[in-house]
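Participant: This is the structure I want to talk about, given as structure tokens.
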Amino acid sequence: MIKTTRPLNAKQLEAFRAVMLTGSMTGAGRFLSVSQPAITRLIRDLEEDLKLQLFVRDSGHIAPTQEARALYKEVERHYAGTERIREAAFAIREFKSARLKIAANLSLTLACLPRAIARFEKSFPTSMVSVQSGVSAEIIDLVSSGSVDIGFAAIHPGRRDVGSAPLAASQWLCMLPKGHALEARAEITPSDLDGVDFIAVGPSSMSRYEMVGMKGSPNITPRIRLETQYSVSAATFVRQGLGIAMVDPLAASLSDKDSVSLRRFSPTVPYVLSVVYPASARPNKLLDELIDSVRTVYEETIQGLPV
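To convert a position in the sequence shown, counted from 1, into our numbering, add 114.
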């Protein structure tokens with residue numbers, strides 16, 4: 115293995131990133147406001163330093179090698195880190211350090227965060243909140259890596275690298291298009307789903323494990339027509355009459371009551387969202403205030419469901 119103690123040249127990395135982003139030496143030159151020959155020289159020097167061929171040259175065109183694509187991922191991580199430092203400096207200058215970074219699942223982001231952050235900012239009007247959305251596993255990874263201050267996610271069993279505290283417990287609900295044959299039922303059971311057009315949330319969703327585990331009902335098979343990562347996406351497909359779906363209560367709270375109906379599912383499929391924080395987290399008044407605002411709005415939302 116070749117090792118070197120000499121730091122990588124920042125200009126070479128900047129040139130490499132620009133070429134990957136623009137697809138050409140000329141484009142990279144325009145991107146960085148330098149000449150194309152200067153970019154070419156920096157790339158050749160980088161290839162020599164790393165002992166890697168990063169681009170294949172063919173009649174004036176270039177194409178990144180597999181090695182270049184792998185290196186680009188690492189370079190982007192580096193730039194993401196330096197950008198966080200820049201953002202932190204901006205926050206210190208403009209917001210007196212009152213900058214919070216949170217991650218939340220898409221349902222919470224759409225159903226609760228706008229009202230929760232509005233409440234929070236009445237007490238902290240100079241604060242700045244940065245929000246990322248994703249699936250629970252991604253959110254927990256962001257918290258664990260320190261990329262965000264806190265997350266709101268369904269915590270998977272076995273995660274010991276973060277701390278967590280549950281929000282109010284709720285349950286997954288069955289969403290049906292208006293006029294569906296099952297609309298006459300007061301609640302939906304596993305046997306009702308056999309052979310029914312179904313929109314699945316998953317496959318990594320906790321509800322898939324719980325609901326399609328329909329323990330004791332091995333012969334019940336919904337006809338899965340669509341699969342999507344997010345409950346809110348499933349709800350839009352239900353609205354178009356493409357099938358029924360099990361959705362989380364927050365997605366249910368956003369539903370169009372003129373085009374869909376909500377029913378409880380029996381047996382109950384629990385929906386537990388948690389505040390996820392770094393294992394080494396210390397008390398933070400700003401974060402505590404924001405969590406309290408989210409907790410309050412979340413409880414109001416699930417209590418206001420029409421089921």
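For glycine and all other residues, C-beta sits at the position ideal for the given N, C-alpha and C.
1) Report the option in Ser138, Gly277, Ala225 and Phe238 whose CA atom is closest to the CA atom of Ser369.
2) Can you give me the C-alpha to C-alpha distance between Met320 and Ala314, rounded to a whole angstrom?
3) With respect to the beta strand (DSSP E) encompassing Ser244, which residues constitute its N-terminal and C-terminal limits?
4) When you compare the CB positions of Val69 and Leu220, do they come within less than 8 Å of one another, or not?
5) Look at the alpha carbon of Ala268 and the alpha carbon of Val386, and state the distance between them as a whole number of angstroms.
6) Looking at C-beta atoms only, is the number of pairs between the stretch 372-381 and the stretch 300-307 that lie closer than 8 Å three or more?
7) Hey, how far is the Cα of Ser147 from the Cα of Leu419?
8) Does DSSP classify Phe238 as helix, strand or coil?
9) I need the straight-line Cα distance from Asp172 to Phe130, nearest angstrom please.
10) Say whether the stretch 397-405 touches the stretch 250-260, bearing in mind that this needs 3 or more beta-carbon pairs closer than 8 Å, one atom from each stretch.
11) Look up Lys215 in the DSSP assignment and say whether it is helix, strand or coil.
12) If the criterion is Cβ atoms closer than 8 Å, does the pair Val249 and Leu214 meet it?
13) Met139 bridges to which residues according to DSSP?
14) Kindly confirm or deny that the stretch 405-415 and the stretch 271-278 touch, where touching means at least three C-beta pairs closer than 8 Å.
15) Anyone know if the C-beta pair for Ser237 and Ser388 falls short of 8 Å?
16) For Arg171, name the three-state secondary structure that DSSP assigns.
17) Leu62 to Ala393, Cα distance in whole Å?
18) What are the residues that DSSP puts in a beta bridge with Ala359?
19) If you draw a straight line from the C-alpha of Glu297 to the C-alpha of Leu364, how long is it?
20) Taking the DSSP output, what are the residues bridged to Ala177?
21) Starting from Glu403, follow the beta strand (DSSP E) in both directions and report where the run begins and ends.
22) Once you ignore the five residues that flank Leu168 on each side, which residues in its own chain have a CB closer than 8 Å to its CB?
23) Going by DSSP, what residues sit across from Pro384 in a beta bridge?
24) Suppose you measure from the CA of Tyr323 to the CA of Gly265; what does that come to, to the nearest Å?
25) Quick one: residues in its chain with C-beta nearer than 7 Å to the C-beta of Thr382, no 5 flanking neighbours on either side, listed in chain order?
26) Which residues does DSSP list as the beta-bridge partners of Ser278?
27) Per DSSP, which one or two residues make a beta bridge with Ile302?
28) How long is the line joining the alpha carbons of Thr342 and Ala217, rounded to whole angstroms?
29) Where does Arg131 fall in DSSP's three states?
30) Do Ile153 and Gly143 count as a contact pair if the criterion is CB distance below 8 Å?
31) Report the three-state DSSP secondary structure of Leu340 (helix, strand or coil).
Facilitator: In terms of the structure at hand:
1) Counting from 1 along the sequence shown, the entry for residue 369 is found at position 255. Of Ser138, Gly277, Ala225 and Phe238, the residue nearest in Cα terms is Ala225.
2) Sequence index remark: in the sequence shown, residue 320 carries index 206 (1-based). Sequence index remark: in the sequence shown, residue 314 carries index 200 (1-based). For Met320, the pLDDT reaches just 48, beneath the cut-off of 50, and the residue's location in the model is therefore unreliable, although a value from the coordinates is still provided. For Met320 and Ala314, the distance between alpha carbons rounds to 12 Å.
3) Position 130 of the sequence shown, counted from the first residue, corresponds to residue 244. Residues Met242 to Ser247.
4) This structure leaves residue 69 out entirely; the chain is present only between 115 and 421.
5) As a first step, residue 268 must be located in the sequence shown, where it is residue number 154. As a first step, residue 386 must be located in the sequence shown, where it is residue number 272. Between Ala268 and Val386, the C-alpha separation is close to 6 Å.
6) yes
7) Counting from one through the sequence shown, the residue named residue 147 turns up at place 33. Counting from one through the sequence shown, the residue named residue 419 turns up at place 305. Looking at the two C-alpha atoms, the distance is approximately 56 Å.
8) Position 124 of the sequence shown holds residue 238. In the structure shown, Phe238 sits in coil (DSSP, three-state: anything other than H, G, I, E or B).
9) Reading the sequence shown from its first residue, position 58 is the one you call residue 172. Reading the sequence shown from its first residue, position 16 is the one you call residue 130. In a straight line, the C-alpha of Asp172 is about 18 Å away from that of Phe130.
10) no
11) To locate residue 215, count along the sequence shown from 1; it is residue 101. Reduced to three states, the DSSP call for Lys215 is strand.
12) To locate residue 249, count along the sequence shown from 1; it is residue 135. To locate residue 214, count along the sequence shown from 1; it is residue 100. Not closer than 8 Å, so no.
13) Position 25 of the sequence shown, counted from the first residue, corresponds to residue 139. Partner(s): none; Met139 has no beta bridge.
14) no
15) Stepping through the sequence shown from its first residue, residue 237 is reached at position 123. Stepping through the sequence shown from its first residue, residue 388 is reached at position 274. No, they are not a contact pair.
16) On the sequence shown, position 57 is the one that residue 171 refers to. Of the three classes helix, strand and coil, the one that applies to Arg171 here is strand, per DSSP.
17) Because the chain spans 115 through 421 in this model, residue 62 falls outside it and cannot be assessed.
18) For the purposes of this step, residue 359 is taken as residue 245 along the sequence shown, with counting starting at 1. Bridge partners of Ala359: Met289 and Ile313.
19) Residue mapping note: residue 297 aligns to position 183 of the sequence shown, counting from 1. Residue mapping note: residue 364 aligns to position 250 of the sequence shown, counting from 1. If you take the alpha carbons of Glu297 and Leu364, they lie about 20 Å apart.
20) Stepping through the sequence shown from its first residue, residue 177 is reached at position 63. BP columns for Ala177 point to Val170.
21) Position 289 of the sequence shown holds residue 403. It is not in any beta strand (DSSP E) - Glu403 instead sits in the alpha helix (DSSP H) that spans Lys399 to Gln417.
22) Residue mapping note: residue 168 aligns to position 54 of the sequence shown, counting from 1. Closer than 8 Å at Cβ, skipping near neighbours: Phe130, Ile157, Leu160, Glu161, Pro178, Thr179, Glu181, Ala182 and Leu185.
23) Indexing the sequence shown from 1 puts residue 384 at position 270. DSSP, once it has assigned bridges, lists Gln285 as partnering Pro384.
24) For the purposes of this step, residue 323 is taken as the residue at position 209 of the sequence shown. For the purposes of this step, residue 265 is taken as the residue at position 151 of the sequence shown. Confidence in Tyr323 is poor, its pLDDT being 46 and thus under 50, which makes the residue's placement too unreliable to answer from.
25) By one-based count along the sequence shown, residue 382 stands at place 268. Hits under 7 Å: Gln285.
26) Along the sequence shown, read from residue 1 onward, the residue named residue 278 stands at position 164. Ser278 pairs with Val390.
27) Reading the sequence shown from its first residue, position 188 is the one you call residue 302. Paired residue(s): Phe379.
28) The residue you call residue 342 lines up with position 228 of the sequence shown. The residue you call residue 217 lines up with position 103 of the sequence shown. Whole-angstrom Cα-Cα distance: 20 Å.
29) Residue numbering aside, residue 131 sits at position 17 when the sequence shown is read from its first letter. DSSP places Arg131 in helix when its eight states are reduced to three.
30) Within the sequence shown, the letter at position 29 stands for residue 143. Within the sequence shown, the letter at position 39 stands for residue 153. For Gly143 and Ile153, yes; Cβs fall inside 8 Å.
31) Position 226 of the sequence shown, counting from 1, holds the residue named residue 340. The answer is strand: DSSP assigns Leu340 an E or B state.
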